[in-house]
Each structure stands twice: as C-alpha cells, then as structure tokens.
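Here the sequence shown is numbered in numbering that gives the first Met the number 0, starting from 0 and rising by one per residue. Structure, as structure tokens:
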Amino acid sequence: MKKIFSFVILNCFVIVAFAQAPQGFNYQAVARNSSGIALVSQPIGLQISLLQGTASGTIVYTETHAVTSNNLGLVNLVVGNGTVVTGTFTTINWAAGPYFIEVSMDITGGTTYLLMGTQQLMSVPYALYAENSGSGATGSTGSTGATGTAGVAGATGADGTAGVTGATGPTGATGTSGVAGATGTAGVTGATGPTGATGTAGVAGATGTAGVTGATGPTGATGSVGATGATGLTGPTGTVARVFTILNSGASNYLIDNVADYNAAPFNADPTISLQRGLTYQFNITAVGHPFRIATSVGGPQYNVGVSANDVSSGTIIFRVPMDAPTILFYNCTIHPGTMFGTINIP
Numbered sequence: 000m001k002k003i004f005s006f007v008i009l010n011c012f013v014i015v016a017f018a019q020a021p022q023g024f025n026y027q028a029v030a031r032n033s034s035g036i037a038l039v040s041q042p043i044g045l046q047i048s049l050l051q052g053t054a055s056g057t058i059v060y061t062e063t064h065a066v067t068s069n070n071l072g073l074v075n076l077v078v079g080n081g082t083v084v085t086g087t088f089t090t091i092n093w094a095a096g097p098y099f100i101e102v103s104m105d106i107t108g109g110t111t112y113l114l115m116g117t118q119q120l121m122s123v124p125y126a127l128y129a130e131n132s133g134s135g136a137t138g139s140t141g142s143t144g145a146t147g148t149a150g151v152a153g154a155t156g157a158d159g160t161a162g163v164t165g166a167t168g169p170t171g172a173t174g175t176s177g178v179a180g181a182t183g184t185a186g187v188t189g190a191t192g193p194t195g196a197t198g199t200a201g202v203a204g205a206t207g208t209a210g211v212t213g214a215t216g217p218t219g220a221t222g223s224v225g226a227t228g229a230t231g232l233t234g235p236t237g238t239v240a241r242v243f244t245i246l247n248s249g250a251s252n253y254l255i256d257n258v259a260d261y262n263a264a265p266f267n268a269d270p271t272i273s274l275q276r277g278l279t280y281q282f283n284i285t286a287v288g289h290p291f292r293i294a295t296s297v298g299g300p301q302y303n304v305g306v307s308a309n310d311v312s313s314g315t316i317i318f319r320v321p322m323d324a325p326t327i328l329f330y331n332c333t334i335h336p337g338t339m340f341g342t343i344n345i346p
C-alpha cells in the first residue's frame, strides 16, 4: 500500500539583526506519517523551492537540506542557507510577489523527494526586501501641513484566522522507582545421600570349541561380461603432407594458398582443394569472425572423422583423411555459408 506522509508547517519567519539582514528566514515544521504519528529523531531530506506569482508559478530558487527531527518530530532550518540547486537567494526581488514556498520530503534522509505541498508566504521577508531595495539620499524636511479633518471611524475588522496549534509539550520526567524489597533468606541445602556400593563383576565364561569347517560349496555361475574399457589414446599424427594458410576477404571469400590446382597466385579465392586418402593435412586459419568448417554439404553438418577440430576462426585444424572418406567434401564459413565456401576433392 502506498504510504502518505504529512509535513505540518508550524512557523516561518524572518531572521532580524541590528546591522545587515541575514540572507535567510527560519522555517519550522512537524513531520508525521500516514497515521498522524510524528517522525521523531529521524534523518529527513528536504527540498525547498520559492515560486513567484502563483502556487504553480516560476521557480526562482531551490535548495536542499539534510536535517534530523527532534523527539517531537520537529525540524528547524533556515531557508537561504541550504545546498543551492538553482537560483540565487540574495537576488530575489521580494517586491515582485506574491511568493509561494513548496516543500518536498524524503523520510529516509535521502534525495528521493515526495511533494508535501505549496503555500503562500503571507508576510514578505521585510528585512530582506529592505536590504535589496537600497536607500536614496535623505531629502530636506518639509513644512508641517495643516491638520486634516478627522475621518469617519472605520468598521471593526473581522476576527483573524485562528493560529496553528502549537507542538505538544515534552513528556514529563519519569518518577523515581520504589525501593526494592529485601531478598528472602535462602533455604538450607539438603545433605547428599551416600553412593551405593559397586557390585562384584561376574566370572567370564570359557571360550567355546571351534566348529568343524563346512564342505566347499559348488562353483557359482559365470558372471556377466564386464563393461568395455575406455578407448585408448589417439596415436601420433602422421607426417603433414601439405600446409594450407587460410585468410578471409571480408565476408566474401576465403583466401587459400599452396593449392596445387591454383599456382598462378599465392592466395586464391574459395578454390577447390584436392586431398589424398591416408595423408595428413594442416590448415592454419586466421579469419576472425568467420569460423572455418569441413562439412558434408555447403552449410551442412560437420565432417569430424579424422578432423582434430572444426568451426575454427583463429587456430589450426589437422585433417587425416580416412581411407573410406567421401569423394567430395566441402568447406564453408558457419556464419556466411552462402558466400564463403568451396569444394574438397578426395579421388
């Protein structure tokens, strides 16, 4: 359930001094939870904004405060002395009001503020207004004017709005605890009874005569055949008949050198490779992002018989051609099989 918190404003008034007016005014409020219970002795984050003209008018100044409520939930701060977010407090033109104060709060003491409300500053901070307005030169004293006719007495003004209820006074001190009663006398500890005597151990019985060995039983049935042992280590690779260097031309072709069918240039684009059964071949591949696969068809599954690895984009593949290998295999890029592929002839 979403919790609603309140922030009850107690008073808001101007700091007054004898010389230059301090740049700020006191602000005091009580923080309560959704049940109306004061949030006592708790860190609270506050954001104060001053708006000009209306409750939704232009924000001329914003600052933040990190305060701790007292044992009544009361917080005190000086507007103008917080951490400035926007605007300059000393340049506010208090004569261009009305001004409204907007309060936002984070009850965890952080900066995730929740808007508590906006209300009009009913009294302009006159000391600040007077400081900003400046003073002109004092003119000469004019002559005393004639006394005017007394005006008609005005009607009695309406009663002012009742003031805000003051904060609850502090709880009285706890009364003195009564005198503790005297501790009663401890009862006498009873005597420990005597330990009974240990009985005499019985005589050990004689060891019985060993029984006659039974006849040998019939031979059991032959057990089932044991599991097949693990495959032995692969024998050493035979002499490499030929080494192929494989590069790539973007995603268009593989470039392969040392191909007997293509001797016109050092590298050839997707050439047909001819291998012989029973011989071993080495493919040195440097084609990052274009895994090289020996396959049963273009774009098809891997051909792994005699192949040390597959789908290699940077590394080495050793291919010992089996005697029963297909007459035609293929090579292709696993990512671009439609443009990077070729044929492997095994006559």
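The beta carbon of each residue, even a glycine, is placed where N, CA and C say it ideally should be.
Residue closest to Q118, alpha-carbon to alpha-carbon, out of A240, S48 and A181 | S48
What is the DSSP secondary structure of A95, reduced to helix, strand or coil?
-> helix
Closer than 8 Å by C-beta to L254: which residues in its own chain qualify, once you throw out the five before and the five after it? Chain order, please.
-> I245, L246, N247, S248, F266, N267 and A268
Can you name the residues that DSSP bridges to G116?
-> V102
Which whole-angstrom value describes the C-beta separation of R292 and N344, a residue pair presumed to lie in contact below a C-beta threshold of 8 Å?
-> Rounded, the Cβ-Cβ distance is 17 Å, inconsistent with contact.
Proximal residues to T315 (C-beta, below 6 Å), its chain only, five neighbours per side dropped | N283
Proximity winner among I334, L73 and A209, relative to H289 (alpha-carbon distances) | I334
Are the Cβ atoms of V78 and V66 separated by less than 8 Å?
-> no
Let me know the secondary structure DSSP gives T342 once reduced to three states.
-> strand
Pick helix, strand or coil for T57, following the three-state DSSP scheme.
-> strand
Determine the direct distance from the alpha carbon of T208 to that of G216, and round the result to whole angstroms.
-> 23 Å
Mind checking L113: buried by the 16 CB within 10 Å criterion, or exposed?
-> exposed
Could you check which residue in A94, I272 and G219 has the C-alpha nearest to that of T326?
-> I272
Have a look at the DSSP bridge pairing and note the partners of D323.
-> D323 is not bridged to any residue.
Would S40 be called buried (16 or more neighbouring beta carbons within 10 Å of its own) or exposed?
-> exposed
Evaluate P270 with the Cβ neighbour count: other Cβ atoms within 10 Å of its Cβ, from every protein chain shown; 16 or more gives buried, anything less gives exposed.
-> buried
According to DSSP, residues forming a beta bridge with F329 | A294 and T342
Alpha-carbon spacing of A308 relative to G222, whole angstroms = 41 Å
Is T279 closer than 8 Å to T363 when the C-beta atoms are compared?
-> The chain is shown only over 0 to 346; residue 363 falls outside these bounds and no answer can be derived.
Got a sec, what are the start and stop residues for the beta strand (DSSP E) N69 sits in?
-> Careful: N69 lies outside any beta strand (DSSP E) and carries neither H nor E.
For the beta strand (DSSP E) that F243 lies in, which residues bound it at each end?
-> V239 to S248
Consult DSSP for T279 and reduce its assignment to one of helix, strand or coil.
-> strand
Might you give, ordered along the chain, the residues of its own chain that have their beta carbon closer than 7 Å to the beta carbon of V311, omitting 5 neighbours on each side?
-> I284, P290 and F291
So which of I36, T63, S33 and V242 has the shortest CA-CA distance to G108?
-> T63
Using only alpha-carbon positions, find the residue among G305, G213 and F340 that is nearest to G299.
-> F340
T90 - DSSP class collapsed to helix/strand/coil = helix
Do the CB positions of A46 and S103 come within less than 8 Å of each other?
-> The identity of residue 46 in the sequence shown is Gln, whereas the question assumes Ala. In this structure, S103 lies closer than 8 Å to Q46 by Cβ.
For A226 and V320, the rounded distance between their alpha carbons = 31 Å
Is it true that the CB of N80 sits closer than 8 Å to the CB of G116?
-> no
Opposing strand residues paired with Y253 [DSSP bridges] | N247
Within 10 angstroms of the Cβ of S351, are there 16 or more other Cβ atoms? Answer buried if so, exposed if not.
-> For the chain, the structure presents residues 0 to 346; residue 351 sits outside this window and is missing.
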